[in-house]
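Colleague:
In my numbering, the protein residues as written are 1 to 752.
Encoded structure:
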């Protein structure tokens with residue numbers, strides 16, 4: 001990038017949310033209180049404005065650039081190197097271990113391996129390219145809208161200031177993850193969002209379920225992060241650096257450049273084989289892929305804005321971003337790429353089937369997130385990172401919209417989320433009905449909505465990888481359309497049914513019972529009676545006015561502070577797909593990222609394929625045109641899923657239960673979530689608890705306390721021995737002992 005003012009002052013983008021978090025955390029409880037959102041609004045909002053300004057300036061540079069995208073004529077000035085569309089900005093040396101003269105990675109990378117004196121140096125700095133800019137806009141832009149919504153949703157909460165302090169910390173850490181110019185900076189943000197998610201998921205720490213969910217998220221992510229840490233270590237051992245690029249992009253001094261070198265030793269190639277598997281383990285944990293997905297559904301214990309932030313704009317997208325950024329480390333290992341695509345496909349299908357029989361609004365969207373992340377992993381595993389990042393962006397819009405809309409429902413329905421206890425809410429929440437309908441169309445991949453375009457790019461890449469991947473993703477897309485509109489028709493259409501349960505104390509964290517009572521099951525299958533009287537009006541109480549969510553006196557369940565972010569997100573969910581159609585503008589822009597270009601260069605050298613150019617956003621050599629047949633099939637599949645949901649959950653609501661009972665064991669398995677949670681509980685949680693009890697009641701009590709007690713007893717016993725042996729009170733004995741001691745000293749002196 002040229003010397004842009006924002007690049008020069010890029011440290012402000014993560015710093016401003018951190019300052020806001022510090023102000024809210026330090027002064028919120030005593031001074032700001034219910035105004036604690038202002039520091040976060042200002043900090044995150046300013047970061048979003050800077051990110052969007054950087055995007056527009058980068059688009060301008062991309063438009064006026066006449067050089068090929070891969071031409072990186074670097075300009076080095078003041079410790080910073082920049083190209084037309086990428087820049088490395090180092091601020092200071094963070095870590096420096098060893099002798100700098102011992103490292104010679106620039107000329108002989110193969111000599112680093114096995115050198116015990118290799119110099120380990122990490123710069124605290126940022127790397128900017130088109131991938132960074134897009135991710136920053138998603139993180140800060142969607143994050144800002146969520147913070148605005150949160151001010152209305154969380155109003156009146158006792159820990160209001162604490163919530164916003166955690167939000168600011170979360171966005172700061174995600175910015176560090178995205179902007180970091182090396183794997184250690186990425187790992188700092190990686191662990192930081194893990195800490196922030198632990199704090200936010202456990203926000204209602206007085207609830208045992210919230211505490212357990214927070215611990216579960218923390219522990220499961222530690223499994224993946226352990227592998228990720230090993231992968232980073234192997235990168236340094238093999239290449240002597242953890243920086244993505246050197247001071248000059250393309251100078252063969254950075255990790256991603258060295259990975260494509262033709263001068264690697266056999267041992268370095270062996271390390272390069274295992275590095276992707278270690279890194280992908282971290283990605284599977286952070287982005288909730290099988291088998292490390294079990295923490296994400298339970299993360300719904302946090303407030304609804306937290307769910308939107310984790311699922312849409314930040315944490316769970318980190319794994320997809322990392323693989324796209326580190327593509328040169330993955331692309332040379334065909335087994336690793338196939339593993340990523342296979343795990344993504346399996347996870348997408350597994351989560352979609354589980355969502356078919358979920359009755360909690362947030363749980364349905366949680367499993368849909370896991371499924372959609374599977375699509376993104378298929379994209380990066382099928383050598384189509386452009387489609388993966390594109391779907392990441394569109395998904396951020398409609399998934400934030402869906403979660404926040406479910407928060408509005410929960411806000412108005414006395415904290416209730418059980419689909420079986422509500423119906424016909426379009427009469428109560430008319431604006432929410434419209435925006436959530438747009439979000440549902442986008443998630444279902446309905447034609448002309450954003451999810452349709454981004455999903456089809458991935459399905460096309462999956463078919464290019466192997467027809468099995470493509471076919472399974474198409475079937476998953478059908479299930480997605482079905483369960484998404486199952487939720488919409490059940491909750492917003494049909495006769496008006498309003499839950500009669502009172503609001504919980506905090507009003508936001510109530511979770512419905514997994515096992516409905518008989519009366520709840522009746523609500524699931526009810527229809528309007530022949531007389532035309534609404535069942536809900538006849539059987540249920542009206543909306544509670546005292547649900548404690550901070551509504552004003554006219555009982556407005558759709559305050560503007562909550563509706564405005566939803567309207568903006570709905571516009572994005574409707575139109576974001578057109579950024580890449582027609583003309584592939586998004587793909588061409590993202591394809592200028594040096595990381596993607598290096599991945600494309602390596603992939604093309606391994607297996608020349610004209611379709612690779614399209615997958616990596618290289619329009620100069622890519623075959624022209626879209627796969628119109630695939631788009632047609634995909635559109636028809638989405639329409640079929642919506643139609644099936646209409647028949648089974650609106651036209652005849654009893655039909656769904658009859659089909660479920662007829663399927664028998666299959667329904668039992670789906671409702672049991674294939675017992676993965678039970679397996680996790682039995683193989684991870686309970687053994688750890690037993691291990692803890694072993695330490696507490698055996699090792700701690702008998703060994704640790706026993707050794708301490710033994711030391712005390714030994715001191716007492718030795719003192720008692722001295723007492724009864726030498727301190728008996730006889731002066732003659734004392735005199736004899738003194739004479740004996742003098743005699744021994746004299747003998748020692750005499751015989752020296």
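Glycine included, each C-beta is placed from N, C-alpha and C at the ideal position.
1) So the beta strand (DSSP E) residue 675 belongs to, where does it begin and stop?
2) Indicate whether residue 285 and residue 333 have their beta-carbon atoms separated by less than 8 Å.
3) Measure the beta-carbon distance from residue 370 to residue 293 and round it to whole angstroms, keeping in mind my assumption that it falls under 8 Å.
4) Comparing C-alpha positions only, which one of 484, 571 and 184 sits nearest to residue 322?
5) Using the beta-carbon count (16 or more within 10 Å), is residue 295 buried or exposed?
6) Which residue marks the beginning of the alpha helix (DSSP H) containing residue 435, and which one marks its end?
7) Which partner residues does residue 182 have in the DSSP bridge list?
8) Assuming the contact rule is C-beta atoms closer than 8 Å, residue 136 and residue 175 should be a hit. Round their C-beta distance to whole Å, please.
9) Quick one: is the Cβ of residue 179 within less than 7 Å of any heavy atom of the ligand SAM?
10) If contact is defined by three or more beta carbon pairs under 8 Å, each pair taking one atom from either stretch, is the region 366 to 382 in contact with the region 405 to 421?
11) Does DSSP classify residue 684 as helix, strand or coil?
12) Taking C-beta to C-beta, are residue 435 and residue 315 nearer than 8 Å?
13) If you follow the alpha helix (DSSP H) that residue 295 is in, where does it begin and where does it stop?
14) Please state whether DSSP places residue 125 in a helix, a strand or coil.
15) Classify residue 216 as buried or exposed, calling it buried when 16 or more other Cβ atoms lie within 10 Å of its own Cβ.
16) At a cut of 8 Å, does the region 390 to 410 reach the region 435 to 449 through at least three beta carbon pairs?
17) Is DSSP giving residue 87 helix, strand or coil here?
18) Identify whether residue 757 lies in helix, strand or coil by the three-state DSSP scheme.
19) How would you write the range of the alpha helix (DSSP H) that residue 394 sits in, first residue to last?
20) Rounding to the nearest angstrom, what Cα-Cα distance links residue 442 and residue 367 in this structure?
21) Please classify residue 255: is it buried, with 16 or more other beta-carbons within 10 angstroms of its beta-carbon, or exposed?
22) Would the beta-carbon of residue 757 fall within 8 Å of that of residue 576?
23) Can you list, in chain order, the residues of its chain with a C-beta nearer than 6 Å to that of residue 180? Leave out the 5 residues immediately preceding and following it.
24) Within a Cβ cutoff of 7 Å, which residues of the same chain sit near residue 464, ignoring the five residues on either side of it in sequence?
25) Just to confirm, is the Cβ distance from residue 62 to residue 128 under 8 Å?
26) What residue range does the alpha helix (DSSP H) around residue 422 cover?
27) Roughly how many angstroms lie between the CA atoms of residue 373 and residue 143, to the nearest whole one?
28) Counting pairs of Cβ atoms below 8 Å between the region 7 to 19 and the region 45 to 63, do you hit three or more?
29) Run through the DSSP bridge pairs and tell me what residue 93 is partnered with.
30) Within a Cβ cutoff of 6 Å, which residues of the same chain sit near residue 481, ignoring the five residues on either side of it in sequence?
31) Which word fits residue 580, buried or exposed, when buried means at least 16 other C-beta atoms lie within 10 angstroms of its C-beta?
32) Let me know the secondary structure DSSP gives residue 360 once reduced to three states.
33) So, helix, strand or coil for residue 748, using DSSP?
34) Using 8 Å as the threshold, is the C-beta distance between residue 557 and residue 492 below it?
35) Going by DSSP, what residues sit across from residue 133 in a beta bridge?
36) Residue 260 and residue 598 - do their beta-carbons sit closer together than 8 Å?
Modeller: In terms of the structure at hand:
1) Locating residue 675 in the chain shown gives position 675, counting from the first residue. That residue, residue 675, is in no beta strand (DSSP E); it is neither H nor E in DSSP.
2) Position 285 of the chain shown, counting from 1, holds the residue named residue 285. Position 333 of the chain shown, counting from 1, holds the residue named residue 333. No, the pair does not count as a contact, with Cβ atoms beyond the cut-off.
3) Against the chain shown, residue 370 aligns to sequence position 370. Against the chain shown, residue 293 aligns to sequence position 293. With a Cβ gap of about 5 Å, residue 370 and residue 293 count as contacting.
4) The sequence position of residue 322 within the chain shown is 322, counting from 1. With distances taken between Cα atoms, residue 322 lies closest to 184.
5) Residue mapping note: residue 295 aligns to position 295 of the chain shown, counting from 1. Residue 295 is buried by the Cβ-count criterion.
6) In the chain shown, counting from the first residue as 1, residue 435 sits at position 435. Counting along the chain, the alpha helix (DSSP H) containing residue 435 begins and ends at 430 to 443.
7) One-based indexing of the chain shown puts residue 182 at position 182. In the DSSP output, where bridge partners are listed per residue, residue 182 has 243.
8) The residue you call residue 136 lines up with position 136 of the chain shown. The residue you call residue 175 lines up with position 175 of the chain shown. With 8 Å as the limit, residue 136 and residue 175 qualify as a contact, their Cβ atoms being about 7 Å apart.
9) Of ligands this structure carries none, so the ligand SAM is not represented either.
10) no
11) Position 684 of the chain shown, counted from the start, is the residue given in the question as residue 684. Here DSSP, grouped into helix, strand and coil, assigns residue 684 to helix.
12) Numbered from 1 along the chain shown, position 435 holds the residue referred to as residue 435. Numbered from 1 along the chain shown, position 315 holds the residue referred to as residue 315. No.
13) Taking the chain shown and counting its residues from 1, one reaches residue 295 at position 295. Run containing residue 295: 295 to 298, per the alpha helix (DSSP H) assignment.
14) What you label residue 125 is simply residue 125 of the chain shown in a count that begins at 1. Of the three classes helix, strand and coil, the one that applies to residue 125 here is strand, per DSSP.
15) Counting from one through the chain shown, the residue named residue 216 turns up at place 216. By the neighbour-count rule (16 or more Cβ atoms within 10 Å), residue 216 is buried.
16) yes
17) Your numbering for residue 87 matches position 87 in the chain shown. It is a strand residue.
18) For residue 757 there is no data in the structure shown, the boundaries of the chain being 1 and 752.
19) For the purposes of this step, residue 394 is taken as residue 394 along the chain shown, with counting starting at 1. Run containing residue 394: 385 to 412, per the alpha helix (DSSP H) assignment.
20) Sequence index remark: in the chain shown, residue 442 carries index 442 (1-based). Sequence index remark: in the chain shown, residue 367 carries index 367 (1-based). Distance between the alpha carbons of residue 442 and residue 367: 16 Å.
21) Here the question's residue 255 lines up with position 255 in the chain shown. Buried: at least 16 other Cβ atoms inside 10 Å.
22) Here the chain has residues from 1 to 752 only, and residue 757 is not among them.
23) As a first step, residue 180 is located in the chain shown; it is residue number 180 there, counting from the start. Same-chain partners within the cutoff: 186.
24) Numbered from its first residue, the chain shown carries residue 464 at position 464. Within the same chain, residue 464 has close Cβ partners 382 and 611.
25) Here residue 62 corresponds to residue number 62 of the chain shown, with the count starting at 1. Here residue 128 corresponds to residue number 128 of the chain shown, with the count starting at 1. No. Outside cutoff.
26) Numbered from 1 along the chain shown, position 422 holds the residue referred to as residue 422. First-last for residue 422: undefined, no H or E at that position.
27) Translated into positions along the chain shown, residue 373 becomes position 373. Translated into positions along the chain shown, residue 143 becomes position 143. Spanning the two alpha carbons is a distance of roughly 19 Å.
28) yes
29) If you number the chain shown from 1, residue 93 lands on position 93. Partner(s): 123.
30) For the purposes of this step, residue 481 is taken as residue 481 along the chain shown, with counting starting at 1. 444, 638, 641 and 642, listed in sequence order.
31) As a first step, residue 580 must be located in the chain shown, where it is residue number 580. That one is buried.
32) Locating residue 360 in the chain shown gives position 360, where the first residue counts as 1. It is a strand residue.
33) Position 748 of the chain shown, counting from 1, holds the residue named residue 748. Helix at residue 748.
34) Within the chain shown, residue 557 is the residue found at index 557, counting from 1. Within the chain shown, residue 492 is the residue found at index 492, counting from 1. No, the Cβ-Cβ distance between residue 557 and residue 492 is not below 8 Å.
35) Residue mapping note: residue 133 aligns to position 133 of the chain shown, counting from 1. None; residue 133 has no bridge partner.
36) Within the chain shown, residue 598 is the residue found at index 598, counting from 1. Within the chain shown, residue 260 is the residue found at index 260, counting from 1. In contact: residue 598 and residue 260 (Cβ atoms closer than 8 Å).
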